Amino acid sequence: MSTIEAKAGSPKRRLGDLVFANLTRAAGLTILLALAGVAVFLTIEGIPAFTAGPEDLKGASSFVVYVWPLLFGTLLAAALALAIAVPLAIGVALTVSHYAPRRIATLIGYLIDLLAAVPSVVYGLWGGLFLGPKLVPLYEWLADHLSFIPFFAGPASTTGRTILTASIVLAIMVLPIVTAISREIFAQTPRLNEEAALALGATRWEMIRLSVFPYARSGIVSAAMLGLGRALGETMAVAMVLSASGVVTFNLISSTNPSTIAANIALTFADATGIQVNALIASGLVLFVITFVVNFAARWIVSRSEVSV
Amino acid sequence: MNRTSLRRIAAPSAAALALGFALSACGAGNETDNASSGSSDLSGKLDGSGSSAQESAMDAWRAGFQKANSGVTINYDPAGSGAGVEKFNAGGVDFAGSDAALDPEKGEVDAAKKRCGADAIEVPNYVSPIAVVFNVEGVDKLNLAPKTIAGIFAGKIKTWDDAAIKADNPDAKLPSTKIDPVHRSDESGTTKNFTDYLEKAGDGAWTYPADKVWPIKSGEGANQTSGMISAVGGGKGTVGYADLSQVGDLKAASIKVGDAWTPPSAEGAAKAVEASPLDDSRPEGDMAVKIDRTTTAAGAYPLMLTSYLIACPTYDDKAKAALVKGFLTYVISEEGQQEAADNAGSAPIPASFAEKAKTIVDSISAK
Numbered sequence: 001m002s003t004i005e006a007k008a009g010s011p012k013r014r015l016g017d018l019v020f021a022n023l024t025r026a027a028g029l030t031i032l033l034a035l036a037g038v039a040v041f042l043t044i045e046g047i048p049a050f051t052a053g054p055e056d057l058k059g060a061s062s063f064v065v066y067v068w069p070l071l072f073g074t075l076l077a078a079a080l081a082l083a084i085a086v087p088l089a090i091g092v093a094l095t096v097s098h099y100a101p102r103r104i105a106t107l108i109g110y111l112i113d114l115l116a117a118v119p120s121v122v123y124g125l126w127g128g129l130f131l132g133p134k135l136v137p138l139y140e141w142l143a144d145h146l147s148f149i150p151f152f153a154g155p156a157s158t159t160g161r162t163i164l165t166a167s168i169v170l171a172i173m174v175l176p177i178v179t180a181i182s183r184e185i186f187a188q189t190p191r192l193n194e195e196a197a198l199a200l201g202a203t204r205w206e207m208i209r210l211s212v213f214p215y216a217r218s219g220i221v222s223a224a225m226l227g228l229g230r231a232l233g234e235t236m237a238v239a240m241v242l243s244a245s246g247v248v249t250f251n252l253i254s255s256t257n258p259s260t261i262a263a264n265i266a267l268t269f270a271d272a273t274g275i276q277v278n279a280l281i282a283s284g285l286v287l288f289v290i291t292f293v294v295n296f297a298a299r300w301i302v303s304r305s306e307v308s309v
Numbered sequence: 310m311n312r313t314s315l316r317r318i319a320a321p322s323a324a325a326l327a328l329g330f331a332l333s334a335c336g337a338g339n340e341t342d343n344a345s346s347g348s349s350d351l352s353g354k355l356d357g358s359g360s361s362a363q364e365s366a367m368d369a370w371r372a373g374f375q376k377a378n379s380g381v382t383i384n385y386d387p388a389g390s391g392a393g394v395e396k397f398n399a400g401g402v403d404f405a406g407s408d409a410a411l412d413p414e415k416g417e418v419d420a421a422k423k424r425c426g427a428d429a430i431e432v433p434n435y436v437s438p439i440a441v442v443f444n445v446e447g448v449d450k451l452n453l454a455p456k457t458i459a460g461i462f463a464g465k466i467k468t469w470d471d472a473a474i475k476a477d478n479p480d481a482k483l484p485s486t487k488i489d490p491v492h493r494s495d496e497s498g499t500t501k502n503f504t505d506y507l508e509k510a511g512d513g514a515w516t517y518p519a520d521k522v523w524p525i526k527s528g529e530g531a532n533q534t535s536g537m538i539s540a541v542g543g544g545k546g547t548v549g550y551a552d553l554s555q556v557g558d559l560k561a562a563s564i565k566v567g568d569a570w571t572p573p574s575a576e577g578a579a580k581a582v583e584a585s586p587l588d589d590s591r592p593e594g595d596m597a598v599k600i601d602r603t604t605t606a607a608g609a610y611p612l613m614l615t616s617y618l619i620a621c622p623t624y625d626d627k628a629k630a631a632l633v634k635g636f637l638t639y640v641i642s643e644e645g646q647q648e649a650a651d652n653a654g655s656a657p658i659p660a661s662f663a664e665k666a667k668t669i670v671d672s673i674s675a676k
């Protein structure tokens with residue numbers, strides 16, 4: 001009797017609702033806790049590195065000097081990868097959403113998604129053993145003919161294990177995510193806008209330029225930022241492809257290249273002891289912060305352009 | 310070797326994603342539950358950690374020792390020489406394997422003494438020749454004097470038809486290809502021994518001190534021995550250095566020892582160790598070898614590295630002391646050395662060293 005009354009009086013307290021609400025809340029909280037846990041760990045373990053001396057930092061006089069070439073390499077490789085991947089991804093996404101016949105479009109979509117399923121170790125092997133050597137003639141040509149551009153100053157690497165090769169591999173790795181998001185955004189362009197543009201006599205390209213791109217701009221930016229996040233943190237492919245020396249250079253085709261933070265951690269962690277471990281963790285903190293900044297920047301850009309649309 | 314290096318990369322890359330988890334997870338060994346009846350009176354579990362280069366030899370020793378003593382489990386975590394020594398000094402493992410002797414300047418000797426309550430023991434468990442490998446079109450055989458090698462790796466000798474290389478190889482047809490010297494981009498005992506050789510034997514052409522980290526910030530860097538081999542094999546005019554057992558199809562240069570050109574070999578490395586004195590600044594029981602890089606002994610190949618096993622002279626637990634003693638005795642025994650040579654391609658330690666190591670290992674006891 002009393003139980004029936006209680007149920008009727010307060011429907012909120014139904015067991016299923018309560019359990020489900022708490023489960024979702026716990027799931028949300030877990031993400032926050034995990035993130036906070038990583039941040040706290042990186043900070044606490046990283047602090048000793050900020051005051052470390054040259055003997056613990058591979059000869060660098062301070063942590064900033066130690067981490068700067070790594071940060072430079074990380075940003076350079078990621079920026080190059082994006083410069084290659086984003087135009088390509090937009091092209092692929094447009095093909096799928098607007099140009100190709102439906103059956104071929106679906107097939108291309110599947111193939112691109114398949115790229116995302118290949119483990120990064122495999123990309124590393126492919127990049128280092130196959131792609132790199134195949135690119136050597138190109139690098140030699142660039143060094144012979146375009147060496148007045150600082151990017152191609154040479155001397156060309158004889159193994160092809162350069163930062164440009166690493167960036168190409170990274171570009172292929174970020175292609176699926178950028179393509180997938182762009183494709184979704186393009187497909188959501190209001191049909192009316194497209195038809196209106198075509199009705200006014202626009203060619204298909206003009207229609208895309210006038211109605212699809214303005215509508216999709218913020219989506220493309222957030223897709224690119226997600227890709228950038230992946231490129232910044234990619235470890236194995238870079239570690240296996242790149243011939244790294246810890247320098248700062250814009251020369252993209254020589255065998256002397258800057259390393260990246262993630263690859264450096266992977267390569268040196270096994271033999272690191274004492275403060276060296278703290279230095280690696282501190283460099284991880286730098287990467288963590290950079291990734292955060294990139295994500296916030298992306299959100300800000302997206303929110304700003306949404307207002308203007 | 311590929312498996313080894315992948316695992317070695319995989320652990321730290323997991324660490325990059327979730328450092329905290331990886332730190333505690335790395336140590337998981339290959340524990341096997343051995344419940345069958347023991348054929349000896351040894352039983353229990355022994356944990357070791359250290360050099361990943363020793364992993365294949367260690368696998369052979371673990372298998373051999375566990376076969377002979379079915380109640381025993383030996384775990385070995387190939388976390389790297391530095392990490393292994395650190396774990397040993399912190400009391401986390403019972404023994405460590407290292408590609409370099411404990412470094413007194415880094416306080417490793419003192420830390421080990423503190424951990425054991427007495428001077429730690431350190432015995433060589435194998436020697437390994439380091440080959441200078443090259444990939445030059447049309448050149449099958451190459452002689453290189455130490456000074457020439459130093460000049461190549463310091464970047465002073467830039468093409469394969471340089472006068473210095475021609476002087477070492479009067480009969481060879483050398484192309485004018487650019488030399489692309491490859492070094493290890495990770496910290497490595499091989500690099501330390503190679504740079505030590507260049508410094509001591511290079512006749513002034515090498516001006517950097519011996520270090521695990523390659524001292525020059527330019528040139529082709531490759532990760533792990535497998536990366537080195539694929540970089541040298543995949544390039545043009547490349548030259549590098551790697552453990553002889555790992556060079557595969559690549560060609561190895563002969564180096565100048567005294568007046569003779571000596572190709573790398575396990576016997577040559579053993580001879581070079583035999584010709585080298587022990588470091589007499591070390592405590593009794595520490596067999597750190599001061600490798601004589603400039604030895605002129607016939608047939609010796611002084612470009613090599615010595616690996617060590619590090620353990621305590623006394624253990625609290627009687628069973629543990631017996632186990633460490635039993636395992637180390639097996640490793641340095643003729644049978645154990647042969648097992649490693651067959652399975653890992655390492656060179657046995659010379660008999661005179663094995664004898665001295667045996668007396669040291671025999672002294673291991675319970676407190």
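Here the protein sequences come in this chain order: A and B. This note's numbering numbers the first residue of the first sequence as 1 and each following residue consecutively. This note's numbering numbers the first residue of the second sequence as 310 and each following residue consecutively. Idealized CB from N, CA, C, for every residue including glycine. Please read these numbers as outputs of a predicted model, since none were measured by experiment.
* Asked: Should the stretch 226-243 of chain A be regarded as contacting the stretch 122-130 of chain A, the criterion being three or more beta carbon pairs within less than 8 Å?
  -> Result yes; three or more Cβ-Cβ pairs closer than 8 Å.
* **Spatial neighbours of G154/A in its chain, beta-carbon cut-off 7 Å, leaving aside the 5 residues before and after** => Here G154/A has A143, S147, I253, S254 as same chain residues with Cβ atoms under 7 Å from its own Cβ, once five neighbours each way along the sequence are excluded.
* **Terminal residues of the beta strand (DSSP E) in which Y617/B lies** => Looking at the DSSP string, the run of the beta strand (DSSP E) that includes Y617/B is 613-620.
* To do: Could you tell me how far apart the beta carbons of A223/A and I181/A are, in whole angstroms, since I believe they sit closer than 8 Å?
  => Correct: roughly 4 Å between the Cβ atoms.
* At which residue ranges does the stretch 484-511 of chain B contain complete beta strand (DSSP E) runs of 3 or more residues, listed in the order of the chain? -> Uninterrupted beta strand (DSSP E) stretches at least 3 residues long and entirely within the stretch 484-511 of chain B occur at 489-493, given in chain order.
* Asked: Do you know how far the Cα of A36/A is from the Cα of L23/A?
  -> Whole-angstrom Cα-Cα distance: 20 Å.
* Does DSSP put T382/B in a helix, in a strand, or in coil? -> When secondary structure is reduced to three states using DSSP, T382/B falls in the strand class.
* Asked: Touch check for the stretch 271-284 of chain A and the stretch 41-55 of chain A: three-plus C-beta pairs under 8 Å?
  -> With a cut-off of 8 Å on Cβ pairs, the stretch 271-284 of chain A is in contact with the stretch 41-55 of chain A, counting three or more such pairs.
* **DSSP beta-bridge partners of G536/B** => Per DSSP, none; premise fails for G536/B.
* Pull up the distance between the alpha-carbon of P586/B and that of V436/B, whole angstroms please. => Approximately 15 Å between the Cα atoms of the pair.
* Can you tell which of S358/B, I439/B, S365/B has its C-alpha closest to the C-alpha of G400/B? -> Ranking S358/B, I439/B, S365/B by Cα distance to G400/B puts S358/B first.
* **Contacts of T43/A in chain B (Cβ-Cβ under 7 Å)** => The contacting residues do not exist; T43/A stays about 12 Å from chain B at best.
* To do: Tell me, to the nearest whole angstrom, how far the beta carbon of F261/A is from that of L226/A; I am working on the premise that it is less than 8 Å.
  => In the sequence under discussion, the amino acid at residue 261/A is Ile, which differs from the Phe named in the question. About 19 Å; that fails the 8 Å criterion.
* Asked: Are W469/B and I488/B touching if we call contact CB-CB under 9 Å?
  -> Note that the C-beta distance between W469/B and I488/B is below 9 Å.
* In chain order, what residues of the stretch 536-553 of chain B put their CB closer than 8 Å to some CB of chain A? -> Answer set for the stretch 536-553 of chain B: G536, S539, A540, G543, G544, K545, G546, T547.
* Asked: Looking at chain B, which residues of the stretch 239-259 of chain A have a Cβ within less than 9 Å of any of its Cβ atoms?
  -> The residues in question are A239, M240, L242, S243, A244, S245, G246, V247, S254, S255, T256, N257, S259.
* Partner residues on chain A for S276/B, Cβ-Cβ distance less than 8 Å -> There is no way to answer for residue 276/B, as the model of chain B reaches only from 310 to 676.
* **Proximity to N566/B [Cα-Cα], best of I430/B, A675/B, A578/B** => Residue 566/B is actually Val in this sequence, not Asn. The shortest Cα separation from V566/B among I430/B, A675/B, A578/B belongs to A578/B.
* Asked: Do you know whose CA, among W141/A, A89/A, A244/A, V293/A, lies nearest A266/A's CA?
  -> With distances taken between Cα atoms, A266/A lies closest to A244/A.
* Using the beta-carbon count (16 or more within 10 Å), is P69/A buried or exposed? -> Around the beta carbon of P69/A, a 10 Å sphere encloses 16 or more other beta carbons of the protein chains shown; the residue is thus reported as buried.
* To do: Express the C-alpha separation of D651/B and V96/A in angstroms, rounding to a whole number.
  => A straight-line Cα-Cα distance of about 57 Å links V96/A and D651/B.
* Figure out for me which residue from N452/B, K629/B, V491/B has the closest Cα to the Cα of P479/B. => It is N452/B.
* **Buried versus exposed call for Y506/B [16 or more other C-beta atoms within 10 Å across all chains shown]** => Residue burial annotation: Y506/B is buried, with at least 16 other C-beta atoms found within 10 angstroms of its C-beta.
* Determine, using beta carbons only, whether S494/B comes closer than 9 Å to chain A. => It does; some Cβ of chain A falls within 9 Å.
* To do: Return no unless some Cβ of chain A is closer than 9 Å to the Cβ of G338/B.
  => Only weak support exists for where G338/B lies, its pLDDT of 40 falling under 50; the value from the coordinates is given anyway. No, its Cβ sits nowhere closer than 9 Å to a Cβ of chain A.
* Start and end residues, alpha helix (DSSP H) containing I439/B -> That residue, I439/B, is in no alpha helix (DSSP H); its beta strand (DSSP E) goes 430-444.
* **Three-state secondary structure (DSSP) of L453/B** => Strand, per DSSP.
* Within its chain, find whatever has a CB closer than 8 Å to the CB of L326/B; leave out the 5 residues flanking it on each side and keep chain order. => Unreliable placement is indicated for L326/B, whose pLDDT of 43 sits below 50; the coordinate value is still reported in the next sentence. Apart from the 5 residues on each side of it in sequence, L326/B has no Cβ closer than 8 Å to any other Cβ in its chain.
* Asked: Quick one: what's A569/B bridged to in DSSP?
  -> DSSP lists V566/B as partners of A569/B.
* Check the Cβ of S157/A against every Cβ in chain B and list those closer than 9 Å, keeping chain order. => Within 9 Å Cβ-Cβ: D489, E529, G544.
* For K58/A, which residues in chain B fall below 7 Å Cβ to Cβ? -> Within 7 Å Cβ-Cβ: V522.
* Determine the direct distance from the alpha carbon of K599/B to that of F72/A, and round the result to whole angstroms. => Inter-residue distance for F72/A and K599/B is about 41 Å (C-alpha atoms, whole angstroms).
* **Three-way DSSP call (helix, strand, coil) for E593/B in this model** => Judged by DSSP in its simplified three-state form, E593/B adopts coil rather than helix or strand.
* **Contact residues within the stretch 63-74 of chain A, judged by C-beta distance below 7 Å to chain B** => So nothing in the stretch comes that close.
* Roughly how many whole angstroms lie between the Cα atoms of M613/B and S574/B? -> The straight-line gap from Cα to Cα measures roughly 10 Å.
* **Interface partners of K526/B on chain A, CB under 8 Å** => Per Cβ cutoff of 8 Å: S245, G246, V247, T256.
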